[in-house]
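Beneath this line is the structure, given in structure tokens, with notes to follow.
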Amino acid sequence: MGRRSVHSPEELRQLILDASQTIVERNGITGLSAREIARMIGYSPGTLYNIFENLDDVLLTLQVQLMGRTLEHMKRVPLGQDREKNVQALAHGYVDFALVNRRMWNLFLAHSLPPGTSVPVLLHDYTNSLIDILKDQLASIVPDASPDSLDAMARTLWAGLNGITAIAATEKGVYLTPATAQSFAKELTTNFIRGLRCQAAHH
Numbered sequence: 003m004g005r006r007s008v009h010s011p012e013e014l015r016q017l018i019l020d021a022s023q024t025i026v027e028r029n030g031i032t033g034l035s036a037r038e039i040a041r042m043i044g045y046s047p048g049t050l051y052n053i054f055e056n057l058d059d060v061l062l063t064l065q066v067q068l069m070g071r072t073l074e075h076m077k078r079v080p081l082g083q084d085r086e087k088n089v090q091a092l093a094h095g096y097v098d099f100a101l102v103n104r105r106m107w108n109l110f111l112a113h114s115l116p117p118g119t120s121v122p123v124l125l126h127d128y129t130n131s132l133i134d135i136l137k138d139q140l141a142s143i144v145p146d147a148s149p150d151s152l153d154a155m156a157r158t159l160w161a162g163l164n165g166i167t168a169i170a171a172t173e174k175g176v177y178l179t180p181a182t183a184q185s186f187a188k189e190l191t192t193n194f195i196r197g198l199r200c201q202a203a204h205h
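See below:
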């Protein structure tokens with residue numbers, strides 16, 4: 003394998019990740035193997051294990067990158083002065099990104115962590131940053147909510163959106179499909195905000 007000296011470890015790491023993403027996008031998680039990755043990048047299968055611990059490490063790294071891209075996408079969602087419309091826009095942007103990247107999005111569902119494996123800190127950090135974006139908008143809708151309550155509200159809404167994207171991305175839903183996912187997301191956010199306002203009015 004004469005190419006071994008061509009790439010630095012960091013370049014080789016990205017080659018492996020790019021090849022893995024291509025494989026997952028084409029064939030799903032079941033199509034991913036060290037041999038297939040090696041075939042695509044022109045190295046021996048053992049090279050992968052010089053860079054990553056195992057395939058789970060590769061898949062977790064892909065998920066970290068995907069969540070990072072999701073966060074950057076959400077930061078670019080245009081927002082105005084109407085907080086409810088902003089929440090709707092963020093929900094729309096989240097669902098849109100998931101469906102455009104549905105093959106990769108399924109990684110969050112299809113990949114289970116082996117016993118003893120920790121979730122990467124960066125994945126938690128990206129997720130918390132996404133939650134903060136929602137919290138910023140919800141804070142004006144329920145100004146009297148405590149920090150803990152506001153955090154729970156944002157995470158609950160995020161979990162609901164993940165449920166919608168999970169079903170839509172697999173394309174197995176009868177009524178909840180890629181074509182209808184946005185209407186479900188709007189229904190969710192509208193009623194969620196209505197509930198928050200009703201709850202706040204009775205306090």
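Per this note's numbering, residue 3 is the first one in the sequence shown, and the count goes up by one each step.
All C-beta atoms in this analysis are idealised placements derived from N, C-alpha and C, irrespective of residue type, glycine included.
If you reduce the DSSP assignment to three classes, tell me which class residue i lands in.
i	result
Ser142	helix
Asn88	helix
His113	coil
Glu173	coil
Thr32	helix
Thr119	coil
Gly197	helix
His126	helix
Gly162	helix
Thr182	coil
Ser10	coil
His94	helix
Ala40	helix
Just mark residue i as buried or exposed, buried being the case when its beta carbon has 16 or more other beta carbons within 10 Å.
i	result
Asn193	exposed
Lys137	buried
Gln201	exposed
Thr72	buried
Gln90	buried
Gln83	exposed
Ala181	exposed
Ser185	exposed
Gly48	exposed
Quiz item: Is the segment 163–172 in contact with the segment 97–117, if contact means three or more CB pairs nearer than 8 angstroms?
Solution: Result yes; three or more Cβ-Cβ pairs closer than 8 angstroms.
Exercise. Any chance you could list the alpha helix (DSSP H) runs of at least 4 consecutive residues sitting entirely within the segment 48–89, in chain order?
Key: Taking only runs of at least 4 residues, the alpha helix (DSSP H) segments lying wholly in the segment 48–89 are 57–77.
Exercise. Determine, using beta-carbon pairs with one atom in the segment 62–82 and one in the segment 144–156, whether at least three such pairs fall under 8 angstroms.
Key: Contact fails: fewer than three Cβ-Cβ distances are below 8 angstroms.
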